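Sequence lines, in order, name chains A and B.
Here the first sequence is numbered in the numbering used here, starting from 402 and rising by one per residue.
Here the second sequence is numbered in the numbering used here, starting from 88 and rising by one per residue.
Using N, Cα and C, we set each Cβ at its ideal position, and we do this for glycine too.
None of these values were measured; they are calculated from a predicted model.
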Amino acid sequence: MDSISKLPFYCVIIPLIASFCMPVFARWKKEVCAPLATLATAAVFILTLIIGYHVSQGQVLSYAVSGWDPPWGIEMMVDSLSAIMMMLISGVSLFILIFSFAAIKYELERIVTGWYYTAFLLCLSGMVGLVVSNDIFNMYVLIEIAGISACALVASKGTRLSTEAALKYLLLATIGSGFILFGIGFIYMITGHLNVHYVAAELSVIKDQYPILIWTTLSFFVVGFGVKAALFPLHLWLPDAHSSAPSPSSAILSSLVVKVYIIAFVRVLLIAFGLEIFHETFIRHLIIVLAVMAMLGGSFFAFVQIELKRRLAYSTVAQVGYIFLGIGLGTPWGLAAGMLHILVHAFMKTCLFLCAGAIAYQTGRKQVNEFAGMGYLMPITMGAFTVAAFSMVGIPLFGGFISKYGLALGSLEADLPILILVIVLSGLLNATYYFPIVGQAYFSQDEHGSGDHDDSSGSKFKRDQIPLSMLIPIVFMALGIIYLGIFPGTILNFINQTIEILL
Amino acid sequence: MNFELIFLNFPYVVSIILFSMGTLIVLTQPNLVKKVIGINIMETSIFLFFIAVGNAYGGIPPIYDPNYPQAFYVNPLPSVMMLTGIVVSFSVTAFALALIVKLYIYYGTISAPNFMKLK
Numbered sequence: 402m403d404s405i406s407k408l409p410f411y412c413v414i415i416p417l418i419a420s421f422c423m424p425v426f427a428r429w430k431k432e433v434c435a436p437l438a439t440l441a442t443a444a445v446f447i448l449t450l451i452i453g454y455h456v457s458q459g460q461v462l463s464y465a466v467s468g469w470d471p472p473w474g475i476e477m478m479v480d481s482l483s484a485i486m487m488m489l490i491s492g493v494s495l496f497i498l499i500f501s502f503a504a505i506k507y508e509l510e511r512i513v514t515g516w517y518y519t520a521f522l523l524c525l526s527g528m529v530g531l532v533v534s535n536d537i538f539n540m541y542v543l544i545e546i547a548g549i550s551a552c553a554l555v556a557s558k559g560t561r562l563s564t565e566a567a568l569k570y571l572l573l574a575t576i577g578s579g580f581i582l583f584g585i586g587f588i589y590m591i592t593g594h595l596n597v598h599y600v601a602a603e604l605s606v607i608k609d610q611y612p613i614l615i616w617t618t619l620s621f622f623v624v625g626f627g628v629k630a631a632l633f634p635l636h637l638w639l640p641d642a643h644s645s646a647p648s649p650s651s652a653i654l655s656s657l658v659v660k661v662y663i664i665a666f667v668r669v670l671l672i673a674f675g676l677e678i679f680h681e682t683f684i685r686h687l688i689i690v691l692a693v694m695a696m697l698g699g700s701f702f703a704f705v706q707i708e709l710k711r712r713l714a715y716s717t718v719a720q721v722g723y724i725f726l727g728i729g730l731g732t733p734w735g736l737a738a739g740m741l742h743i744l745v746h747a748f749m750k751t752c753l754f755l756c757a758g759a760i761a762y763q764t765g766r767k768q769v770n771e772f773a774g775m776g777y778l779m780p781i782t783m784g785a786f787t788v789a790a791f792s793m794v795g796i797p798l799f800g801g802f803i804s805k806y807g808l809a810l811g812s813l814e815a816d817l818p819i820l821i822l823v824i825v826l827s828g829l830l831n832a833t834y835y836f837p838i839v840g841q842a843y844f845s846q847d848e849h850g851s852g853d854h855d856d857s858s859g860s861k862f863k864r865d866q867i868p869l870s871m872l873i874p875i876v877f878m879a880l881g882i883i884y885l886g887i888f889p890g891t892i893l894n895f896i897n898q899t900i901e902i903l904l
Numbered sequence: 088m089n090f091e092l093i094f095l096n097f098p099y100v101v102s103i104i105l106f107s108m109g110t111l112i113v114l115t116q117p118n119l120v121k122k123v124i125g126i127n128i129m130e131t132s133i134f135l136f137f138i139a140v141g142n143a144y145g146g147i148p149p150i151y152d153p154n155y156p157q158a159f160y161v162n163p164l165p166s167v168m169m170l171t172g173i174v175v176s177f178s179v180t181a182f183a184l185a186l187i188v189k190l191y192i193y194y195g196t197i198s199a200p201n202f203m204k205l206k
């Protein structure tokens with residue numbers, strides 16, 4: 402019982418220690434780094450599975466770090482939302498690490514491999530910590546750990562573009578965390594507490610005394626987390642950073658790093674400030690407006706990109722809009738769908754970015770108009786890509802459909818049926834920029850590959866020429882999307898446990 | 088307008104002004120080193136804000152002294168948190184400067200007018 406409540410702490414500390422071992426091992430023997438990093442991540446994944454099992458029994462784990470009890474000490478708390486996010490983060494990271502084995506040799510210089518794994522494990526530790534932390538200042542520190550190491554993941558490629566993108570990301574992310582820190586300062590000034598639950602208890606008593614301060618604090622948090630999570634008008638860093646990073650980094654940045662800030666935002670907004678403030682101030686209307694702008698604007702911008710990874714990056718902007726829409730609706734279905742979309746989108750974007758990496762690895766093609774005949778050259782990769790693209794559009798049987806359906810139900814619950822139109826429109830826009838890629842891959846002849854006058858044209862299936870360590874993560878991600886699309890019940894029940902606490 | 092209140096709470100006013108200044112510098116200055124300086128001004132203003140929150144006029148350092156059992160202490164927590172904040176700010180500055188050195192090798196300049204352009 403007691404030893405189980407310590408597990409979240411180990412989940413944070415194992416990758417942290419492993420990350421600092423990496424440069425040492427890289428100096429001694431470069432080959433040890435990758436298996437060791439995978440071992441650490443796998444250990445975290447197993448621990449999170451144990452935590453997930455205990456939390457699914459209705460237990461809430463709470464651990465006071467170094468024995469200082471909550472009002473003054475740092476508390477780590479795992480409810481069902483954090484448990485599911487921990488499992489997602491460590492599981493997806495594990496697959497991305499397996500993908501990195503081969504991809505890193507191709508995309509990075511040999512000298513930086515050790516540092517790449519350092520940044521990766523540091524980022525993992527920051528993300529897991531951010532999800533389990535129940536103390537807002539501790540959240541800030543972990544936001545910075547995850548943020549700076551994410552910048553390092555972008556910069557690790559070392560090209561001109563990626564360095565520029567990393568600096569842009571670093572500057573804007575620091576502005577974002579500055580805003581968050583100022584907001585934390587305001588909360589501390591009003592309530593004198595940092596623990597989320599104590600803040601909530603204090604705020605519910607004194608919220609009428611400081612109406613303007615609470616408005617100010619909320620707007621600071623919205624701007625700060627908005628920059629961090631790339632909410633539409635504040636997304637400027639995202640396309641550059643995600644498109645110029647090496648593809649495993651893009652996958653982890655796009656599918657996980659952006660999401661943990663949303664989880665932290667939900668925690669601050671719905672638990673610390675509480676539902677009364679959430680409904681009394683017009684913060685949810687602001688979030689809905691920004692989310693709608695993101696869903697449409699992100700898709701429009703994605704439509705005009707010709708580089709595949711840039712298109713995927715802008716698509717992330719649009720999908721973050723979906724998640725924020727779910728939060729802004731604030732109804733049980735809306736929130737559950739938003740949380741489900743975090744999961745589904747993590748699987749979809751990881752799959753798409755890994756496919757982009759695999760395609761660049763085998764054929765060197767990076768533009769969306771070079772996909773002709775790709776379905777025959779790389780059938781398994783393109784198959785996974787197609788699954789993820791269909792899910793992105795929201796076709797039934799794939800995970801994306803369930804979350805969009807939930808969002809539609811949520812907007813009915815919130816008496817805003819006009820939002821269904823926006824959801825459908827955004828889904829159609831998604832179709833306009835994903836279907837040409839898929840269509841080209843299967844229904845058009847390859848002018849590039851068939852130039853070597855082999856027996857027949859490109860209309861014959863060949864086996865993918867990528868290593869098995871790249872193929873397995875892609876296939877597992879695609880299977881995950883299909884699983885979420887057909888059997889969403891287990892996950893939704895798990896999420897609903899949290900929704901009952903939140904709402 | 089209650090000027091006396093503003094005068095009494097001038098650390099807050101100063102920190103808000105510095106914060107706005109820092110944010111403006113980061114977003115508008117084309118020179119990359121100036122952007123980093125802007126980041127530093129911004130974070131320093133937050134440190135000032137936290138220290139002002141923790142301060143109590145007439146308080147003494149929060150160390151137990153048996154001679155003054157009824158002593159009036161300053162809140163130590165914000166100062167401790169700002170030590171962490173200073174470390175974070177330091178590492179961000181170091182990382183940003185390292186990236187700027189690398190960009191200088193690529194471009195031969197640290198002035199980037201098109202840097203924040205949307206692509």
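| Query | Result |
| --- | --- |
| Euclidean distance between Cα positions of A:VAL533 and A:LEU482 | 9 Å |
| Contacts of A:GLY586 in chain B (Cβ-Cβ under 7 Å) | ILE133, PHE136, PHE137, VAL140 |
| Span separating the alpha-carbon of A:PRO409 from that of A:SER501 | 26 Å |
| Beta carbon proximity, A:LEU554 to chain B, threshold 7 Å | no |
| Residue-level contact to chain A via CB, B:VAL113, 7 Å cutoff | yes |
| Any 3 or more C-beta pairs closer than 8 Å across the region 508-521 of chain A and the region 871-880 of chain A | no |
| Exposure of A:PRO634, with buried meaning 16 or more beta-carbon neighbours within 10 Å | exposed |
| Closer than 8 Å at the beta carbon, the chain B residues around A:PHE583 | PHE106, ILE133, PHE136 |
| Where the beta strand (DSSP E) through A:SER463 begins and ends | 462-465 |
| Contact list for B:VAL101 against chain A, beta-carbon separation under 8 Å | Those do not exist, as B:VAL101 stays about 14 Å from chain A at its closest Cβ, beyond 8 Å. |
| Within chain B, partners of A:THR751 - CB distance below 9 Å | None at all; the shortest Cβ gap to chain B is about 24 Å. |
| For B:THR171 and A:VAL433, believed in contact at Cβ under 8 Å, the rounded distance | In fact, because the Cβ distance is near 32 Å, the residues do not count as touching under 8 Å. |
| Within 9 Å of chain B by C-beta, residues of the region 513-543 of chain A in sequence order | PHE538, TYR541, VAL542 |
| Length at least 3, wholly inside the region 437-480 of chain A: the beta strand (DSSP E) runs in chain order | 462-465, 476-479 |
| Inter-residue Cα distance where the pair is A:LEU687 and B:ALA183 | 32 Å |
| Whether A:SER406 touches A:VAL445 by CB criterion (7 Å) | no |
| Coil, strand or helix - A:GLN763 by DSSP | helix |
| Beta carbon proximity, B:LEU95 to chain A, threshold 7 Å | no |
| Partner residues on chain B for A:TYR590, Cβ-Cβ distance less than 8 Å | According to the sequence shown, residue 590 of chain A is Met rather than Tyr. The answer, in chain order, is VAL140. |
| Of the listed residues B:LEU135, B:GLN116, B:THR115, B:ILE126, nearest to B:TYR96 (C-alpha basis) | A small correction: the amino acid at residue 96 of chain B is Asn; Tyr does not occupy that position in the sequence shown. Selected option, being the one with the closest Cα: B:LEU135. |
| Span of the alpha helix (DSSP H), counted from its first residue to its last, around A:THR575 | 561-592 |
| Chain B contact residues for A:GLU545, given Cβ-Cβ distances below 7 Å | VAL175 |
| Alpha-carbon to alpha-carbon, A:ALA738 and A:PRO647 | 30 Å |
| Segment contact flag, the region 558-567 of chain A with the region 667-686 of chain A, C-beta cutoff 8 Å, min 3 pairs | no |
| The region 753-765 of chain A touching the region 813-826 of chain A, judged by at least three CB pairs closer than 8 Å | no |
| Endpoints, the alpha helix (DSSP H) within which B:THR110 is located | 97-115 |
| Exposure label - A:GLY852; buried when at least 16 CB within 10 Å | Low local confidence applies: a pLDDT of 46 at A:GLY852 is under 50, so the model's placement there is unreliable, with the coordinate-based value given in what follows. Label assigned to A:GLY852: exposed. |
| For A:LEU713 and A:TYR570, the rounded distance between their alpha carbons | 17 Å |
| Short-range partners of chain B found in the region 560-577 of chain A, where Cβ spacing is below 8 Å | ARG561, THR564, GLU565, ALA567, LEU568, LYS569, LEU571, LEU572, THR575, ILE576 |
| Residues of the region 158-186 of chain B whose Cβ lies closer than 8 Å to any Cβ of chain A, in chain order | LEU164, PRO165, MET168, THR171, GLY172, VAL175, SER178, VAL179, PHE182, ALA183, LEU186 |
| Residue closest to B:GLU130, alpha-carbon to alpha-carbon, out of B:PHE159, B:SER107, B:ILE93, B:TYR194 | B:SER107 |
| Backbone CA spacing between A:VAL876 and A:MET694 [nearest angstrom] | 33 Å |
| Pair within 7 Å by beta-carbon distance, A:MET540 and A:ALA665 | yes |
| A:ILE728 versus A:GLN460: straight-line alpha-carbon distance, rounded | 25 Å |
| Selection of the region 405-419 of chain A by Cβ proximity to chain B, strictly under 7 Å | none |
| Stretch pair the region 608-617 of chain A + the region 701-718 of chain A: three plus CB contacts closer than 8 Å | no |
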